[in-house]
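If you count the sequence shown from 1, position 510 lands on 1334 in this note's numbering, and the numbers rise without skipping. We put the beta carbon where it would ideally sit given N, CA and C, even for glycine.
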Amino acid sequence: MPTRRAFWPWIIVGISFAGVIVPHGRGDDRQNLQDLRDAHVKGLPFYANWNVSNFSIEWQLARLQEGHRIIPSIRFPQYDYPDKRGASLKQTYDLYLGPHNSALDEIGAMNVPICLRVNNVAQGFGSPRYRTPKPWTKVPDNSPLIWRQLADGSLDDTPGADYLAPVANWTNEGRLIGESVYLRELQRRIPTPPYWIHTENHEGSYSPSPSREKLSEFKGRGKSVEKTPDGAPIAPPKQWLPLEKIGAVSLRMRSRVEQLGIESDPFLESIHYANLKRDQYRAYYDAMNAAQPEGWRDRMLTSAYSSGIEVGWQSPKYVTDEIGAAPDHRFVDGAGPSFYLGRYMPADLTDRNISKTLDLQRPAWEWIEQRNPKAFRTVFLWLNGKGALTGAKAEKHSVVSPDLWEAVCAWIAWTAREPGRALLLHHWLPSKTKPSQPFFSAAQQAELTELGRSDLAVATQDDYAVAAMRCLNPILDNATIREFWEKGKALPVTYPPGPAKVWLAVATLGGRTLLYAWTPIQAVGETKIAVPDLGDCTIDFGGNHSGYWVIEKGRPNAPAPVIRKLKFK
């Protein structure tokens, strides 16, 4: 196992955190630009858009100029393979960088961090440079791919990265991508970012996972008849498939199971799997960092989609006890769950999975943060027209307008917050989505009319994307709210059974309490809510979906809490 180099020196130069050098901004810099430079140092929130196709560099630059805390995201293609995909380096450059050079130059002059968005690192191992000519008589020792035995006895490789393969392949891939001509051209435009985030989709072929059904099966089908003392079902124990079936998926796994014994528990291999995957990714990141010029080296942060804990995430308790967090969180600095309204998770804004997801993730964040000084938090966001209408059609809450979406995103930010830890709201949008595209389909626009919100028929994807990033401006533009964000202690909120009328985030600081409250129903007016440590307080939404209030305990002769609403728009 290679020893990971300590590439974050504990030397403070200017403003620094764990070795990330953040230069001071110019005297005429706007606050949002300085906040982006300081985000990882001071634990501030910021936004990124996953769509780097139609939400162009120019679109992101315009949002920066408007004062938003958006980290510019740039496509980072794994383009330069020695095959047909790399046949025209100029074509790739002209497609992704050439048309945007002016905007890239301006972003470089702003001296803000950037995000390089990669599809799937593991896909690189499907390149011809990692595949040997046929016929094969044995598995090449240095191959990074999964090898299997076909029914006729011949060997075949599948273009998926094998966790049992040598780590050296990942070192090689990190070096090649880190030295790519594409990246060098980008660095000419942005020579010294305060820090840069390498984020990947993390859904490429990477297997075989010992916890997946294709390599293990239940000893019985159907529901388990065994239950815990509190009535919860106990999953039946798993067993390995017969060796010949394992060999049809992975020859290396077959050898591994022969070594472990066919009667061993496949779930125990999850720990070994997580450790090897961590070592491979770390080797990739270390090699990429080492390949960077001075203005980029030791300024890389890493992030990956699908690396947090979700509601329904299954892992045996002894594995999580051993690993301490979601296994895929251990090899990146920034990871977290997804909040996709109407897809995968909650169907409406009253679904308790909204809060359950963050409750599940928080221990994993804390575990990682104790061990990684570079760690930051990420929440992936997504909303579409269907998700905006589902709860409204069920008469559970208002149609999710841009204002309501902004309120929800602000609550997610406050609920995921930890003083001193940066938080990235990463907004997922499909690559074909355009800012000018209507947010609601033609059929959904008819439903809007039935729901009395025909005004939203003209809403665009841009309106909702801007709403998600706009939620951060009150936090950082209002001195009082900002102080609570940076220093306040979060208080847990317990919601009573049934749909919550008001959702809260609460922070305390110096005898004062900051209350962020949002409601899925507009125009609720004055509402009495129970604030932790203060009791019942009456707040007035004034027809808005959300608001901030500072609350102090009343004096002995006037015990009622003193409530002051903060103006932030």
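Looking at the unbroken alpha helix (DSSP H) that takes in R1076, where does it start and where does it end? As a first step, residue 1076 is located in the sequence shown; it is residue number 252 there, counting from the start. It spans L1075 to L1084 - the alpha helix (DSSP H) in which R1076 sits, taken as one unbroken run.
Among residues of its own chain, excluding the 5 on either side of W1309, which ones have a beta-carbon nearer than 6 Å to its beta-carbon?
-> Counting from one through the sequence shown, the residue named residue 1309 turns up at place 485. Answer for W1309: I1299, listed in chain order.
| Can you list, in chain order, the stretches of the beta strand (DSSP E) that have 3 or more residues and sit fully within the segment 1166–1237? | 1200–1207
Could you pull out every residue in the same chain whose Cβ sits closer than 8 Å to the Cβ of E1385, ignoring the five residues on either side in sequence? The residue you call residue 1385 lines up with position 561 of the sequence shown. Strictly speaking, residue 1385 in this sequence is Pro, with Glu absent from that position. V1355, L1358, G1359, C1361, I1375, E1376, K1377 and G1378.
For E1284, which residues of its own chain have a beta-carbon under 7 Å away from its beta-carbon, when the five flanking residues on both sides are left out? Within the sequence shown, the letter at position 460 stands for residue 1284. A small fix is needed here, since residue 1284 is Thr in this sequence, not Glu. Once the five neighbours on either side are set aside, the close Cβ partners of T1284 are P1259, S1260, Q1261, P1262 and F1263.
Kindly give me the distance between the Cβ atoms of P1344 and L1205, rounded to whole angstroms, as I take these residues to be in contact under 8 Å. For the purposes of this step, residue 1344 is identified with residue 520 of the sequence shown, where counting begins at 1. For the purposes of this step, residue 1205 is identified with residue 381 of the sequence shown, where counting begins at 1. Not a contact, Cβ separation roughly 16 Å.
| request: For the beta strand (DSSP E) holding D1360, just list the boundary residues, first then last. | output: Locating residue 1360 in the sequence shown gives position 536, counting from the first residue. G1359 to D1364 is the span of the beta strand (DSSP E), which, as asked, contains D1360.
Compute the Euclidean distance between the alpha carbons of K1220 and G867, then round it to the nearest angstrom.
-> As a working mapping, residue 1220 is identified with position 396 in the sequence shown. As a working mapping, residue 867 is identified with position 43 in the sequence shown. Rounded to the nearest angstrom, the two C-alpha atoms are 35 Å apart.
task: Tell whether a beta-carbon distance below 8 Å holds between P1243 and G1312.
output: Residue mapping note: residue 1243 aligns to position 419 of the sequence shown, counting from 1. Residue mapping note: residue 1312 aligns to position 488 of the sequence shown, counting from 1. Against a cut-off of 8 Å, the Cβ pair of G1312 and P1243 comes out as a contact.
Subject >> Bridge partner(s) assigned by DSSP for M1124 >> reply: Walking along the sequence shown from the start, residue 1124 turns up at place 300. Per DSSP, W1020.
Exercise for the section: Please name the residue, chosen from H924, I1236 and W1020, that lies closest to R1186 on a Cα-to-Cα basis. Expected result: By one-based count along the sequence shown, residue 1186 stands at place 362. That would be I1236, whose Cα lies nearest to the Cα of R1186.
| said: Using C-beta distances below 7 Å, list every residue in its chain close to R1388, excluding the 5 sequence neighbours before and after it, in chain order. | reply: The residue you call residue 1388 lines up with position 564 of the sequence shown. Result list for R1388: W1373 and V1374, in chain order.
Cβ distance (whole Å) where N1113 is taken to contact E1024 below 8 Å: Position 289 of the sequence shown, counted from the first residue, corresponds to residue 1113. Position 200 of the sequence shown, counted from the first residue, corresponds to residue 1024. N1113 to E1024, Cβ: 15 Å. No contact.
Exercise for review: Can you grab the Cα-Cα spacing for the pair S880 / P1170, in whole Å?
Suggested key: By 1-based counting over the sequence shown, the position of residue 880 is 56. By 1-based counting over the sequence shown, the position of residue 1170 is 346. Straight-line Cα distance between these residues: approximately 29 Å.
Query raised in the report: Which one of T1304, R972, K1210 and L1315 has the shortest CA to CA distance from D1395?
Result: One cannot answer for residue 1395 here, as it falls past the ends of the chain, which runs 825 to 1393.
Same chain, Cβ closer than 6 Å to I1178, five either side skipped, listed in chain order: Numbered from 1 along the sequence shown, position 354 holds the residue referred to as residue 1178. Cβ neighbours of I1178 beyond the five flanking positions: P1170.
- Task: Inspect the CB distances between the segment 992–1002 and the segment 963–978 and report whether three or more fall short of 8 Å.
- Result: Contact holds: three or more Cβ-Cβ distances are below 8 Å.
(Q) Give me, in chain order, the residues of the same chain whose beta-carbon lies closer than 7 Å to that of T1202; leave out the 5 immediate sequence neighbours on both sides. (A) Here residue 1202 is taken as the residue at index 378 of the sequence shown, counted from 1. Contacts found: S1127, G1158, A1159, G1160, L1248 and H1250.
Q: Run the CB neighbour count on V1282, radius 10 Å, all protein chains shown included, and call it buried at 16 or more, exposed below.
A: For this step, residue 1282 is matched to residue 458 along the sequence shown. Exposed: under 16 other Cβ atoms inside 10 Å.
State the beta-bridge partners of H1251 as determined by DSSP. Your numbering for residue 1251 matches position 427 in the sequence shown. N873 and L1205.
query: Which partner residues of L979 appear in the DSSP bridge assignment?
result: The residue you call residue 979 lines up with position 155 of the sequence shown. For L979, which the question treats as bridged, DSSP gives the partners Q973.
Next on the checklist: Bridge partners for S1370 per DSSP, in chain order?
Outcome noted: Start at 1 with the first residue of the sequence shown, and residue 1370 comes out as number 546. Looking at the DSSP assignment, S1370 forms a beta bridge with W1342.
| field | Candidates D859, S1074 and H864: closest to F1200 by CA position | value | Indexing the sequence shown from 1 puts residue 1200 at position 376. Checked all of D859, S1074 and H864; the closest Cα to F1200 is H864.
Please classify Y1097: does DSSP put it in a helix, a strand, or coil?
Translated into positions along the sequence shown, residue 1097 becomes position 273. Reduced to three states, the DSSP call for Y1097 is helix.
Q. Considering W994, what are the terminal residues of the alpha helix (DSSP H) in which it resides?
A. Indexing the sequence shown from 1 puts residue 994 at position 170. In the DSSP annotation of this structure, the continuous segment of the alpha helix (DSSP H) that includes W994 starts and ends at A992 to G1002.
* **Inter-residue spacing [alpha-carbon to alpha-carbon] between I1001 and R861** => For this step, residue 1001 is matched to residue 177 along the sequence shown. For this step, residue 861 is matched to residue 37 along the sequence shown. Rounded to the nearest angstrom, the two C-alpha atoms are 25 Å apart.
(request) Report yes or no: do the segment 925–939 and the segment 893–900 share at least 3 C-beta pairs separated by less than 8 Å? (result) yes
task = Report yes if the CB atom of A1107 is closer than 8 Å to the CB atom of S1131, and no otherwise.
result = In the sequence shown, the residue the question calls residue 1107 occupies position 283. In the sequence shown, the residue the question calls residue 1131 occupies position 307. No. Outside cutoff.
Point to revise | Own chain, CB closer than 8 Å to N1381, minus 5 neighbours either side, in chain order | key: Stepping through the sequence shown from its first residue, residue 1381 is reached at position 557. Excluding positions up to five away in sequence, the list is empty.
| request: Could you check the C-alpha separation between V1330 and E1230 for me, to the nearest Å? | output: For the purposes of this step, residue 1330 is taken as residue 506 along the sequence shown, with counting starting at 1. For the purposes of this step, residue 1230 is taken as residue 406 along the sequence shown, with counting starting at 1. Each residue's Cα considered, the two are about 18 Å apart.
| Taking the continuous beta strand (DSSP E) assigned at V1394, which residues delimit it? | Any answer about residue 1394 is impossible in this case: the structure gives the chain only from 825 up to 1393.
- Query: Exposed or buried, what is I1394 when buried is set at 16 or more other beta-carbons lying within 10 Å of its beta-carbon?
  - Reply: The question about residue 1394 has no answer, for the chain in this structure spans 825 to 1393.
By DSSP's criteria, T1351 is part of a beta bridge. Which residues make up the other side? Walking along the sequence shown from the start, residue 1351 turns up at place 527. Paired residue(s): I1363.
Report task. Between the Cα of Y1164 and those of C939, I1192, H1153 and Y1129, spot the shortest distance and give me the residue it belongs to. Result -> Walking along the sequence shown from the start, residue 1164 turns up at place 340. For the options C939, I1192, H1153 and Y1129, the alpha carbon positioned closest to that of Y1164 is the one of Y1129.
Q: Could you name the residues of the same chain whose beta carbon sits closer than 6 Å to that of D981, not counting the 5 residues immediately before and after it, in chain order?
A: For the purposes of this step, residue 981 is identified with residue 157 of the sequence shown, where counting begins at 1. The residues are L969 and W971.
* Which value, in whole angstroms, describes the spacing of the CA atoms of Y1105 and D1172? -> Start at 1 with the first residue of the sequence shown, and residue 1105 comes out as number 281. Start at 1 with the first residue of the sequence shown, and residue 1172 comes out as number 348. So the two alpha carbons sit approximately 36 Å from each other.
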